[in-house]
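Just so you know, the protein sequences line up as chains L and A, in that order. Start counting at 1 in the first sequence, then tack on 676, and there's your number in the working numbering. Number 120 in the working numbering belongs to position 122 of the second sequence; there are no gaps in the numbering. Quick reminder that beta carbons are idealized off the backbone N, C-alpha and C, glycines included. To keep things clear, I will list the structure first and then write my remarks on it.
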Amino acid sequence: MNEHQPAEPARVQTPNIGAHPVVSSRLDPATSFSSDGTELPDRAGVGLKPEHFHEIVATKPTIGFFEIHAENYLVPGGAFHHFLTQIRTQYPLSIHGVGLSIGGEGPLDRVHLQALRGLLDRYEPQSFSEHLAWSSHNDIFLNDLLPIPYDQRTLDRVCQHVDEVQNVLGRPMLLENPATYVAFAESTLSETAFIGEIVRRTGCGLLLDVNNIYVSCSNHGRDPIRYLSELPLSAVGEIHLAGFNRETDSLGAPLLIDSHASRVDEAVWSLFDHTVATIGPKPVLIEWDNDVPPLATLIAEAQRAEGIMNRHRVNQAVARQS
Amino acid sequence: MTIHDVWMQTLLDPGQPCPPGVTTWNGSDPAQRFTVYRNNVMVSLINAIADTFPVVEQLVGTDFFRAMAWIFVQAHPPRSPQLVHYGQEFPEFIAAFPPAAELPYLPDLARLERAYVAAFHAADAEPMAAAAWQALLATPEQLTTVQFRFQPSLRVLRSEYAIASLWAVHQADSGLSLGALDPGCAENAWVIRRDWCVGILTMPGPDTSLLVALQAGQPFGVAVADTLSAAPDFDIGRFFELLFVEQLITGVVS
């Protein structure tokens, strides 16, 4: 999440940006963008990394959208805003918060929320999302997405926080399902019921992190297909895919760690395939935040996601005709 | 104590036991799984410090650096989710950290690395327009009383140690060698941003004193007179050429 240093300290000339990039889907151009550009396209996007700024503005790769971590862009000026401003004119944008601590026990950080509002006003992203987790407590920021118990008291608090976020930002947000390693004795609801109730009460959308589903279900002995079926899937506004690390718990059972540092696992690709078969193509993001690879590697992962979505588009078209 | 009070204390202190109420689906050890969170917090915050202070890390070695950073993180956890600001107390922490006392230049070098990050993300400003310069230079009497405004990214650090040279030697592909460097040689570092990248210049004392005086809002005539009385052979032409080339002046106080 911390990416405030440029990749190289040497001075580099700013490249010119000329023509508009090609951002169309080969199979079904009509679905590339919503007609008014206010929603993310049902295509694959990648996380925007400073290491790739120059290459993106110079080569204008075919990518459905970019996603940034909001907190990295809450700075007065400099290269981050310079490049994001250029990239924003050519691509749809998703802003993904990682520090709002919606699951926190105390009130939301109002200064931070106002700063987010300013960032959204400046870049007018097609989507804003945050996590079902806590990361701050008593003004200390722990820089991790920490788990919450699923009980009525926590549910009420999270719903209040989501309401406040949506009121201050003046738009609906997407809430991301978590990757977790432990559970709480005081939980009285399932994770899916808890999320479903937040969506029902607040009207927020769902950022369906398919990697988190696979990681959490593995870590808690659940069936990911069933977990998926229990979520309010009509609220899905975006999908995340990422890589995880395999470890084991004290009994030798798999303990998967949501690391965002490698390719998407084959098991997660299968679950994504099943997800697209169930709910159709959606905006899908390749998340790779640590040990960031060359842009071409991210694009190859994004193309694989597009390939899966296009296959389902074809299948649906064939099914309609027969 | 709330759940989050206990969790925060436990996440930042490996000596604390696993918080109560934490369960696992298969009866495996909750403490071992809880360690994943503690590890995430610790590693990500140490990495945040390492991102801002890469030369300090090279100078002390990764093992020493990460051990020092973890003690810092426990004493000064971040107060904001904007980690770009994190580590402001790190130079003072190093200065008071006895195992680092062998490298007396380390705190100033850490200050330089903080200044680098601050300059990188500082507000943008247009350099003063040519027409404004012409108007100013056409009236020399006005020039003596003028107060200049500078780029928000411009930072100046004066050190008893060769911090700018030490920094330069540790940049990738610098082609410079540590061998010829005397760390005990005092240096003035100007941290300058141009074309969205940050560079560090080593500058003479009189130039630096003049810049600091001007940045503090001293009228140009007074600041130059002070500089010339302290350094009679001061080259004001060279000073201004640098201000022009680097586009450091953004305007005048009206």
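Counting C-beta neighbours from all protein chains within 10 Å, is the total for L:V699 16 or more, i.e. buried, or is it exposed? For the purposes of this step, residue 699 of chain L is identified with residue 23 of the first sequence, where counting begins at 1. Caution applies to L:V699, whose pLDDT of 34 falls short of 50 and renders its modelled position unreliable; the value that the coordinates give is listed next. The residue is buried, with at least 16 neighbouring Cβ atoms inside 10 Å.
Under 7 Å, do L:G779 and A:P79 count as touching if we go by C-beta distance? One-based indexing of the first sequence puts residue 779 of chain L at position 103. One-based indexing of the second sequence puts residue 79 of chain A at position 81. Their beta carbons are not under 7 Å apart, which means L:G779 does not touch A:P79 by this criterion.
Please identify the residue among A:Q56, A:A46, A:Q132 and A:V20 whose C-alpha is closest to the C-alpha of A:V167. The sequence position of residue 167 of chain A within the second sequence is 169, counting from 1. The residue with the shortest Cα to Cα distance from A:V167 is A:Q56.
So who's on the other strand from L:W810, going by DSSP bridges? Taking the first sequence and counting its residues from 1, one reaches residue 810 of chain L at position 134. L:L822.
With DSSP as the reference, label L:W1004 as helix, strand or coil. Limits of chain L in this structure are 677 at one end and 998 at the other, which puts residue 1004 of chain L out of reach.
Pairwise C-alpha distance: L:S938 and L:A981: Along the first sequence, read from residue 1 onward, the residue named residue 981 of chain L stands at position 305. Along the first sequence, read from residue 1 onward, the residue named residue 938 of chain L stands at position 262. Looking at the two C-alpha atoms, the distance is approximately 15 Å.
Tell me whether A:R304 is buried or exposed, calling it buried when 16 or more other Cβ atoms sit within 10 Å of its Cβ. Absent from the model: residue 304 of chain A. The displayed extent of chain A is -1 to 252, so no value can be given.
Could you tell me whether the region 145 to 156 of chain A touches the region 170 to 190 of chain A, using the rule of 3 or more Cβ pairs below 8 Å? yes
Taking only the alpha-carbon atoms, compute the straight-line gap between A:L208 and L:A855 and give it to the nearest angstrom. The count along the second sequence starts at 1 and reaches residue 208 of chain A at position 210. The count along the first sequence starts at 1 and reaches residue 855 of chain L at position 179. In a straight line, the C-alpha of A:L208 is about 56 Å away from that of L:A855.
Could you name the residues of the same chain whose beta carbon sits closer than 6 Å to that of L:D949, not counting the 5 residues immediately before and after it, in chain order? If you number the first sequence from 1, residue 949 of chain L lands on position 273. Closer than 6 Å at the Cβ level, and outside the excluded window around L:D949, lie I984.
Which whole-angstrom value describes the C-beta separation of L:T714 and L:Q802, a residue pair presumed to lie in contact below a C-beta threshold of 8 Å? Mapped onto the first sequence, residue 714 of chain L falls at position 38. Mapped onto the first sequence, residue 802 of chain L falls at position 126. Contact flag correct, Cβ pair sits at about 6 Å.
Local Cβ density within 10 Å of A:W23, reported as buried at 16 or more and exposed below that: The sequence position of residue 23 of chain A within the second sequence is 25, counting from 1. Classification of A:W23: exposed, given that the 10 Å Cβ count is below 16.
L:G721: which of L:P930, L:A929 and L:A918 sits nearest, CA to CA? The sequence position of residue 721 of chain L within the first sequence is 45, counting from 1. Nearest option by C-alpha distance: L:A918.
Span of the beta strand (DSSP E) around L:H772: For the purposes of this step, residue 772 of chain L is identified with residue 96 of the first sequence, where counting begins at 1. Note, L:H772: beta strand (DSSP E), L769 to H772.
On the CB-based measure, 16 or more other CB atoms within 10 Å of its CB, does L:N814 come out buried or exposed? Residue numbering aside, residue 814 of chain L sits at position 138 when the first sequence is read from its first letter. With fewer than 16 other Cβ atoms within 10 Å, it is exposed.
Beta-bridge partners of L:E923, as assigned by DSSP: Your numbering for residue 923 of chain L matches position 247 in the first sequence. According to DSSP, which records beta bridges pairwise, L:E923 is partnered with L:L931.
Residue span of the alpha helix (DSSP H) that contains A:I92, given as start and end: Numbered from its first residue, the second sequence carries residue 92 of chain A at position 94. Note, A:I92: alpha helix (DSSP H), F88 to A93.
Looking at the C-beta of L:D820, does it have a partner C-beta in chain A at a distance below 7 Å? For the purposes of this step, residue 820 of chain L is identified with residue 144 of the first sequence, where counting begins at 1. Cβ-Cβ to chain A under 7 Å: yes for L:D820.
Mapping DSSP to helix, strand and coil, what is L:C880? Sequence index remark: in the first sequence, residue 880 of chain L carries index 204 (1-based). If DSSP states are grouped into helix, strand and coil, L:C880 belongs with coil.
By the criterion of Cβ-Cβ separation under 8 Å, what are the contact partners of L:W945 in chain A? One-based indexing of the first sequence puts residue 945 of chain L at position 269. In chain order: nothing, as chain A lies at least about 24 Å away.
From this set, L:R764, L:A859, L:R786 and L:I739, which residue's C-alpha is nearest A:G25's C-alpha? If you number the second sequence from 1, residue 25 of chain A lands on position 27. Here the closest residue by C-alpha is L:A859.
Please confirm whether A:L107 and A:L164 have their CB atoms less than 7 Å apart. On the second sequence, residue 107 of chain A is found 109 positions in, with the first residue counted as 1. On the second sequence, residue 164 of chain A is found 166 positions in, with the first residue counted as 1. Yes. Within cutoff.
What residues in the region 30 to 41 of chain A have a beta carbon less than 8 Å from any beta carbon of chain L? Q30, R31, F32, V34, Y35, N38 and V39
Could you check how far apart the C-beta atoms of L:I915 and L:K958 are, in whole angstroms? I think they sit under 8 Å. Your numbering for residue 915 of chain L matches position 239 in the first sequence. Your numbering for residue 958 of chain L matches position 282 in the first sequence. Correct: roughly 5 Å between the Cβ atoms.
Give the range of the beta strand (DSSP E) segment to which L:L909 is assigned. On the first sequence, residue 909 of chain L is found 233 positions in, with the first residue counted as 1. L:L909 -> no beta strand (DSSP E), and no H or E assigned at all.
Sorted by chain position, which residues of the same chain lie with C-beta nearer than 8 Å to A:P52's C-beta, five sequence neighbours on each side aside? The sequence position of residue 52 of chain A within the second sequence is 54, counting from 1. Cβ within range, chain order: E111 and H168.
Give the straight-line distance between the Cα atoms of A:W68 and A:I44, rounded to the nearest whole angstrom. By one-based count along the second sequence, residue 68 of chain A stands at place 70. By one-based count along the second sequence, residue 44 of chain A stands at place 46. Cα-Cα distance, rounded: 6 Å.
Local Cβ density within 10 Å of L:I805, reported as buried at 16 or more and exposed below that: Here residue 805 of chain L refers to the residue found at position 129 when the first sequence is read from its first residue. Before going further, note that residue 805 of chain L is Ser rather than Ile in the sequence given. Per the 10 Å Cβ criterion, buried.
With a CB to CB cut of under 6 Å and the five nearest residues on each side skipped, what residues in its chain are close to A:D196? Here residue 196 of chain A corresponds to residue number 198 of the second sequence, with the count starting at 1. Correcting the residue identity first, residue 196 of chain A is Val in this sequence and not Asp. So the qualifying residues of the chain are Y114, A117 and F118.
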